[in-house]
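Line by line, the protein sequences are chains A and B.
Counting in the numbering used here, the first sequence runs from 1 upward without gaps.
Counting in the numbering used here, the second sequence runs from 304 upward without gaps.
For every residue, glycine included, the Cβ atom is placed at its ideal position computed from N, Cα and C.
Since the structure is predicted, the reported quantities are computational estimates derived from the model, not experimental observations.
In what follows, a structure is listed as structure tokens, so that the remarks can point back to it.
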Amino acid sequence: MTNLAVQQLIDAQSPDGGWGAYPGAASRTEATALATLALWANGPGDAEDGFAAGSRWLETRQLSSGAWPLADDIPEPSWSSSLATLALSHFAPDSERTARAGGWLLRQEGRGTPWWGKLFYRLFPDRRAVDLDPDLVGWPWVEGTFSWVEPTSYASMALKRLRVALPHGRVASRIDQADRLLVDRACHDGGWNYGNASVLGDALWPYPDTTALALLALADRPDLPQVGDGLAALGRLLDENDSILALGLGGLAFRAHGAPEAAGVRERLTDRLEDRRGGELRALAWAALALADTDDPLGVRGA
Amino acid sequence: MPDRREFLRVAAGATAGVALACRRGEPQRWTPAAVRKPARSPVAIVPAASYDEALLLDAVRSGLAAFDLDVRGRRVVLKPNLVEFDPRGVINTHPALVAATIEAFRLGGAREVVVAEGPGHRRDNEYLLSASGLAAQLRDTGARFVDLNHDAVRKVELASRFTDLRALYLPQTVLDADLFVSMPKLKTHHWAGVTLSMKNLFGIVPGAVYGWPKNVLHWAGLGGSIIDINAVLDVPRFNIVDGVLGMEGNGPIQGEAKEVGVLVFGADPVAVDATGARLMSIDPWKIDYLAAVDPFLGNTGDDRIEQRAEPLSRFRTDFAVIDSFAGVKVTPPVGGV
């Protein structure tokens, strides 16, 4: 049976085959990559035409560098390339364009802390403004800026899916660094903020969406204590958050880690979808992925 | 060796040591398109002791009445500061004030009042709007909300050069507004010193293009980015500061509540923010971006600010700041600055 989120995604698909951030908005890569992946994960049936059109939208927007722009009217290579690459790693894993996308991702790096900043960290560790390891490099939202939890999680998920197809040494090194960065950025009481654990000595609090994304990126690392702490934090956070984005991503993260909370979140998510009115289409796509019948919809755990 | 303040900026993702004031021999950093400084800038300080809805409506109408502001038939875009779920009511522009402002502009004959924001930290708008109480106010007032992080955009060339950004994608909802109203909270800010009408414009920079927390702006230089965004926004503007309950210390999120009991109104964002700083006993001339914009964008000096409604001295309060901004405080916190 087609899950409710899939049906709502099909209803919201734009005539050009993509999806906008909201229903009726111009198509963008983030929502299109997630929605197309969600339709693929939910198998053929009513979604087949929608999947084919979404897949074509992604194919025709890929730049020669391997990256994707955010949208037709914002032509620069964008962070949403990670999500398009993740989608392609599922339904076109051996294609030339997927390898090109993975190659572009490997070349992207967050801007590091300058040498004198690192020196300052080492000389005055108690005066650090932000609590993080300045040597770790992940992925930024925009080229030339800092590495953040969310774009690093997206890129790490995509590369873990493609690690066999890409140059072994380079991909292993970037994945290892991404894992270490996520471990380093975990909040003191578990879970992930969008950035790091504290600023000016005050602890930052974790968010459900960034916590779930980090847990998805670390789905193959159940050995890490931050994963157990993160799952516990996610459970607490979802007690107070009923949004479709939080329940979709949270449910997906629980499933990826085989956590028993997944069933309850799935039930709440289904209830919420029944009274859904509008809202972000990327949230709907994450919900559709969370409700897919496959055991590990993002496939990071077994990658 | 860099000093602590300089390091803090870089640690936040900022470019080190951006000097905003022009040095002798340097080319001017703004084009004629950025020059909007009026001869004098009226600013009204209106008492508002609580977030009671009826009281706020009276206060907002009273504040707007102090200006020659004709909104009949116009499309007004309100831009509150919506950052984080906050049960204390200290972080965000209070939803009751947003609702009162919607009502006040409608009573003034506005064709449409839209609420628009692009939260800089959280991407879960459904949760943020609901938990903050803004969703309920939007439902009750029937006002439309536009997510500026994902709005359609146009690329605009900057009118000033306080950063190397050169151009920015900005939301069409803002660029097409008949009147754009910045509605910040009266807060200290751990990287910028204060966050008011001008800093509130970080929320119009689309996260989908520039990421969360709009990190491109931090790397480009916080103060310079505040100036460049404000200088390029060439639409009719107004500002209403929520100073009923402000935030001191480690703002804009983790500071402490500070009761002030005022709303601040004005069309010149520089004069409004300079007044807001003075209300917090902070010298606006020591906030780099407020000092740098005085020659062209608006009035920082109190000799060019025409105080309307209540006198500033009645509500001036001593806001705590973090150590790295100790130097911006007025000492002692009385008298003209």
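Answer with buried or exposed for residue i, where buried requires no fewer than 16 other C-beta atoms within 10 angstroms of its C-beta.
| i | result |
| --- | --- |
| Q475 (chain B) | exposed |
| E387 (chain B) | buried |
| P297 (chain A) | buried |
| Q124 (chain A) | The sequence given here has Phe at residue 124 (chain A), not Gln. Exposed, by the Cβ-count rule. |
| R343 (chain B) | exposed |
| E420 (chain B) | buried |
| H492 (chain B) | buried |
| P390 (chain B) | exposed |
| G328 (chain B) | exposed |
| L511 (chain B) | According to the sequence displayed, residue 511 (chain B) carries Ala and not Leu. Classification for A511 (chain B): buried. |
| T498 (chain B) | buried |
| A629 (chain B) | exposed |
| R185 (chain A) | buried |
| K458 (chain B) | exposed |
Quick one: does residue i have its CB under 8 Å from some CB of chain B?
| i | result |
| --- | --- |
| E109 (chain A) | no |
| N42 (chain A) | no |
| S243 (chain A) | yes |
| F146 (chain A) | yes |
| Y194 (chain A) | yes |
| A186 (chain A) | no |
| L200 (chain A) | yes |
| A288 (chain A) | no |
| W19 (chain A) | no |
On the three-state DSSP scale, how would you describe residue i?
| i | result |
| --- | --- |
| P75 (chain A) | strand |
| P483 (chain B) | In the sequence on display, residue 483 (chain B) carries Phe and not Pro. Correct three-state label for F483 (chain B): strand. |
| T444 (chain B) | helix |
| F618 (chain B) | coil |
| Y472 (chain B) | strand |
| A315 (chain B) | Legend: pLDDT at A315 (chain B) = 42, less than 50; position of this residue unreliable, value from coordinates given subsequently. Coil. |
| S433 (chain B) | helix |
| P509 (chain B) | coil |
| S627 (chain B) | helix |
| N452 (chain B) | coil |
| R198 (chain A) | Position check: residue 198 (chain A) holds Ser in this sequence, whereas Arg was assumed. Looking at S198 (chain A) - three-state DSSP - the assignment turns out to be strand. |
| G366 (chain B) | helix |
| D295 (chain A) | coil |
| N42 (chain A) | coil |
| A203 (chain A) | strand |
| L489 (chain B) | strand |
| T328 (chain B) | Per the sequence presented here, residue 328 (chain B) reads as Gly, with Thr not at that position. In the structure shown, G328 (chain B) sits in coil (DSSP, three-state: anything other than H, G, I, E or B). |
| P113 (chain A) | In the sequence as displayed, the identity of residue 113 (chain A) is Thr instead of Pro. Note: T113 (chain A) maps to coil in three-state DSSP. |
| F254 (chain A) | helix |
Kindly indicate if chain A contains any beta-carbon less than 8 Å away from that of residue i.
| i | result |
| --- | --- |
| Q440 (chain B) | no |
| V417 (chain B) | no |
| R447 (chain B) | no |
| A623 (chain B) | no |
| E429 (chain B) | yes |
| V379 (chain B) | no |
| W549 (chain B) | In the sequence under discussion, the amino acid at residue 549 (chain B) is Gly, which differs from the Trp named in the question. Taking Cβ atoms only, chain A never reaches closer than 8 Å to G549 (chain B), which makes this a no. |
| V519 (chain B) | yes |
| H493 (chain B) | yes |
| R343 (chain B) | no |
| R332 (chain B) | no |
| G514 (chain B) | yes |
| N384 (chain B) | no |
| F505 (chain B) | no |
| R469 (chain B) | no |
| A455 (chain B) | yes |
| R607 (chain B) | no |
| A362 (chain B) | no |
Going along the chain, which residues of its own chain have a beta-carbon closer than 7 Å to the beta-carbon of residue i, five neighbours each way excluded?
| i | result |
| --- | --- |
| D16 (chain A) | S27, W57 |
| D131 (chain A) | N196, A197, S198 |
Quick one: what's got a C-beta closer than 8 Å to residue i's C-beta in the same chain, skipping five residues either side?
| i | result |
| --- | --- |
| E356 (chain B) | A399, A402, A403 |
| L321 (chain A) | Any answer about residue 321 (chain A) is impossible in this case: the structure gives chain A only from 1 up to 303. |
| W148 (chain A) | G110, G138, W139, P140, W141, Y194, G195 |
| L86 (chain A) | A33, L37, Y154, M157, A158, R161, L298 |
| E76 (chain A) | P69, L70 |
| L88 (chain A) | L58, S95, R97, T98, A101 |
For residue i, collect the residues of the same chain with a Cβ closer than 6 Å to its Cβ; drop the 5 residues on either side in sequence, then sort them by chain order.
| i | result |
| --- | --- |
| G415 (chain B) | A quick correction: the sequence has Glu, not Gly, at residue 415 (chain B). Hits under 6 Å: R378. |
| K118 (chain A) | P134 |
| G228 (chain A) | none |
| D361 (chain B) | none |
Since residue i and residue j should fall inside the 8 Å C-beta cutoff, what is the C-beta to C-beta distance between them, to a whole number of angstroms?
| i | j | result |
| --- | --- | --- |
| A612 (chain B) | W333 (chain B) | A612 (chain B) to W333 (chain B), Cβ: 31 Å. No contact. |
| F465 (chain B) | A595 (chain B) | 7 Å |
| T396 (chain B) | D571 (chain B) | Their Cβ separation, rounded to whole angstroms, is 19 Å, which puts T396 (chain B) and D571 (chain B) out of contact at 8 Å. |
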